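Take a look at the structure below.
Protein chains in written order, with UniProt numbering: chain E, 1 to 251; chain F, 1 to 251.
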């Protein structure tokens, strides 16, 4: 993929890249999709370049597919990163380390790229990446255990998570991340996992109920020793209305 | 300014621009700072280009200064626009209309630029623009009466306003936009002006009080016929804490 970009670089928007922060949730774990080449010990966000004839939002989908094999993921643009020195790439013996190419060949890469960040939150069990380049691996990594990242990718990751956490105040999450029927403690755990902190049980129940997207079922969770908790499902119509209009009709 | 960019285009990031949406509030009016050259009937957001050795956030400040003479405005990045066809610029008689330059000279401009949008909300009486280019005018235009804009600038403006409205759910506004001492109806009018809709008086009072940033003064507004309303001021320390941490400690 990289080779074909270099050979056709006049077909790409110069100095512009895309980086994708894909958060995965499953079984009360927050994970991040990261990429590594065999030439570097550092990991990277799946990223790539923008064809001249492609909008940046479409390019983000293409980029994610090319690096991870994934399709059909709804990406949200969250921020653009363009510090003057953000592309001071790692060079040794005149080789651009991450890509293992000579500086001269990689001149195009060595200039400052401004990168547009996109993020998504997906069920990671439903989202099985497959690298399309032979010399790359793609893996779900626990957010708590993210290794050293190239360039400013740590900053990009942190900002994506901060945006996602902010989003929780404006829009509901959970649909497609929880089983169709779930308990309030399961939903709370999802919020706690994203927020990275414990929440008060009563406050959570009050606030999540106030959003008006839950339907209490006449069923209890089975396989639970005692005090089986009630099952709920999302009211899809109301859920989508809140996604569209925001939780805080606020003012 | 444009001439100097064209003559030194190798010093600028190719295919990248900045556009600034400056909202002004004063006397219950929402205004937008727009620019016009004498060569086109359309107006534009104040925008410009990014030096190779400059971060995009600093470039935004430079761009705003070069087009409007303004300094010291805190700009927030809100979105990046890069549709494939966003730069299908207006051409007639082989002249790029907005800039009045021949297509050949303006080739650099005629390619697709991806533009990073920044916005600010300022007291427009305190913010007096001065064009630094002889053939441009810069004006505060009522938001309700924005004329036809070049390229996708209307979309950029709309998105900036939607972002600002969303921000009202996360952060307080008013500081530097209202007199030091103000009444609740004055503050409500500020919110109504930004939101473009009437708010219920009681709900507003309840919600704005709940944020905990207001200090009720032992003074009433003078020059008011009867039922003089109470004066308030912002508790600066608390206000800044809420700006930092967000209104919705939420979950």
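Just so it is clear, CB atoms sit at the ideal spot from N, CA and C, and this is done for glycine as well. Nothing here was measured: the structure is a model prediction, and the numbers come from that model.
Proximity below 8 Å, CB of residue i to CB of residue j
i              : j              : result
residue 200(E) : residue 214(E) : no
residue 255(F) : residue 163(F) : Outside the shown range of chain F (1 to 251) lies residue 255(F), about which nothing can therefore be said.
residue 15(E)  : residue 106(F) : no
residue 50(F)  : residue 99(F)  : no
residue 166(E) : residue 170(F) : yes
residue 78(F)  : residue 190(F) : no
residue 141(E) : residue 45(E)  : no
residue 147(F) : residue 68(F)  : no
residue 22(F)  : residue 122(F) : yes
residue 113(E) : residue 17(E)  : yes
residue 150(E) : residue 38(E)  : no
residue 120(E) : residue 76(E)  : yes
residue 251(E) : residue 205(F) : no
Under 8 Å by beta carbon: chain F residues contacting residue i
i              : result
residue 47(E)  : The premise fails here: residue 47(E) is roughly 15 Å from chain F at the closest Cβ pair, so nothing lies under 8 Å.
residue 54(E)  : 84
residue 112(E) : 13, 52
residue 191(E) : 251
residue 64(E)  : What residue 64(E) touches in chain F: nothing, since even the nearest Cβ is about 16 Å away.
residue 161(E) : Those do not exist, as residue 161(E) stays about 14 Å from chain F at its closest Cβ, beyond 8 Å.
residue 195(E) : 251
Contacts that residue i makes with chain E (C-beta to C-beta distance below 8 Å)
i              : result
residue 232(F) : Simply none; closest approach about 17 Å.
residue 79(F)  : 77
residue 116(F) : 80, 82, 114
residue 157(F) : Per Cβ cutoff of 8 Å: no residues; residue 157(F) is ~17 Å from chain E at best.
Residues sharing a beta bridge with residue i, DSSP
i              : result
residue 25(E)  : 30(E), 123(E)
residue 37(F)  : 136(F)
residue 81(F)  : 115(F)
residue 216(F) : 232(F)
residue 91(E)  : 96(E)
residue 43(E)  : 149(E)
residue 12(E)  : 51(E)
residue 165(E) : In the DSSP output, where bridge partners are listed per residue, residue 165(E) has none listed.
residue 101(E) : 96(E)
Alpha-carbon to alpha-carbon, residue j and residue i
i              : j              : result
residue 223(E) : residue 172(E) : 28 Å
residue 153(F) : residue 217(F) : 43 Å
residue 160(E) : residue 232(F) : 37 Å
residue 197(F) : residue 243(E) : 21 Å
residue 59(E)  : residue 63(F)  : 27 Å
residue 10(F)  : residue 116(E) : 22 Å
residue 126(E) : residue 207(E) : 29 Å
residue 212(E) : residue 6(E)   : 52 Å
residue 19(E)  : residue 118(E) : 6 Å
residue 91(E)  : residue 81(E)  : 21 Å
residue 186(F) : residue 177(F) : 11 Å
residue 73(F)  : residue 175(F) : 14 Å
residue 108(F) : residue 48(F)  : 13 Å
residue 229(F) : residue 219(F) : 9 Å
residue 8(E)   : residue 144(F) : 46 Å
residue 2(E)   : residue 111(F) : 24 Å
residue 71(F)  : residue 131(F) : 12 Å
residue 210(F) : residue 239(F) : 12 Å
residue 103(F) : residue 103(E) : 35 Å
residue 195(E) : residue 246(F) : 14 Å
residue 158(F) : residue 221(E) : 46 Å
residue 101(F) : residue 101(E) : 41 Å
residue 61(E)  : residue 40(E)  : 25 Å
residue 227(E) : residue 237(F) : 46 Å
residue 124(F) : residue 188(F) : 18 Å
Chain F residues whose Cβ lies nearer than 7 Å to that of residue i
i              : result
residue 147(E) : Residues of chain F passing the Cβ test: none, with the nearest at roughly 26 Å.
residue 245(E) : Within chain F, no residue comes near residue 245(E); the closest Cβ sits about 11 Å away, beyond 7 Å.
residue 121(E) : In chain order: nothing, as chain F lies at least about 15 Å away.
residue 178(E) : Neighbours of residue 178(E) on chain F: none; closest Cβ ~16 Å, over 7 Å.
residue 33(E)  : Correct list: empty, because the minimum Cβ distance to chain F is about 22 Å.
Where residue i meets chain F, residues with beta-carbon distance less than 9 Å
i              : result
residue 204(E) : 251
residue 199(E) : 251
Chain-ordered neighbours of residue i on chain E, where CB pairs are closer than 9 Å
i              : result
residue 170(F) : 166, 169, 170, 248
residue 187(F) : Those do not exist, as residue 187(F) stays about 11 Å from chain E at its closest Cβ, beyond 9 Å.
residue 266(F) : What the structure shows of chain F is the stretch from 1 to 251, and residue 266(F) is not part of that stretch, so it cannot be assessed.
Partner residues on chain E for residue i, Cβ-Cβ distance less than 7 Å
i              : result
residue 151(F) : Under the 7 Å cutoff, chain E gives no residues; its nearest Cβ is about 14 Å from residue 151(F).
Checklist entry - Is the region 165-184 of chain E touching the region 128-141 of chain E, taking contact as three or more C-beta pairs under 8 Å? => result Here the region 165-184 of chain E does not lie against the region 128-141 of chain E, with fewer than 3 beta-carbon pairs under 8 Å apart.
Checklist entry - Below 8 Å, can you find three or more Cβ-Cβ pairs linking the region 88-103 of chain F to the region 21-41 of chain E? => result no
Checklist entry - Between the region 78-85 of chain E and the region 47-63 of chain F, do three or more beta carbon pairs fall short of 8 Å? => result yes
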